[in-house]
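Asker:
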Amino acid sequence: MTSTKPAGSDPAPRPKRRSFSPEYKLRIVAECDGAPRNEKGAVLRRERLYHSHVKEWRAARDAGALENLVDRRTGPARVKKSATEVENEKLRQQVERLQKDLARNKAALEVMGKASALLEMISESAD
């Protein structure tokens, strides 16, 4: 079965997520809180928001967490580490792991040495 789409056509571009500043969120929450009961829906429709947005923002405001009003999904991206920084971090973790292994192996050898010495002492006294 063949496709009905032309070979070079691209689908519509993906829509971008909207991001909201903390000031905007606080303004909308205040506007919804101050609006009469039958006009809250109009505010939400005008701003193209859901009741869940306002509910979440109100909870964050009431908790005193203004920084939590920033949407982490659309917030600024984390700074990417350079390749050398990533490699250094991997090497540090490997060194830590190897040092732990070395300490464990040294302790095991010490125990084995003591056990061997004890066995030698026992065998010499038995003779």
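Take UniProt numbering: the final residue in the sequence shown is number 127, and no numbers are missing along the way.
Cβ atoms here follow ideal geometry from the backbone N, Cα and C, with glycine treated the same way.
Where does I28 land, buried or exposed, given buried means 16+ other C-beta within 10 angstroms?
Answerer: buried
Asker: Can you confirm whether the stretch 53-68 touches the stretch 84-95 when touching is taken to mean that 3 or more C-beta pairs between the two stretches lie within less than 8 Å?
Answerer: These segments do not touch.
Asker: How many Å lie between L102 and P22 at the Cα?
Answerer: 51 Å
Asker: Within 10 angstroms of the Cβ of V86, are there 16 or more other Cβ atoms? Answer buried if so, exposed if not.
Answerer: Answer is exposed; the Cβ neighbour count stays below 16.
Asker: According to DSSP, is G64 helix, strand or coil?
Answerer: coil
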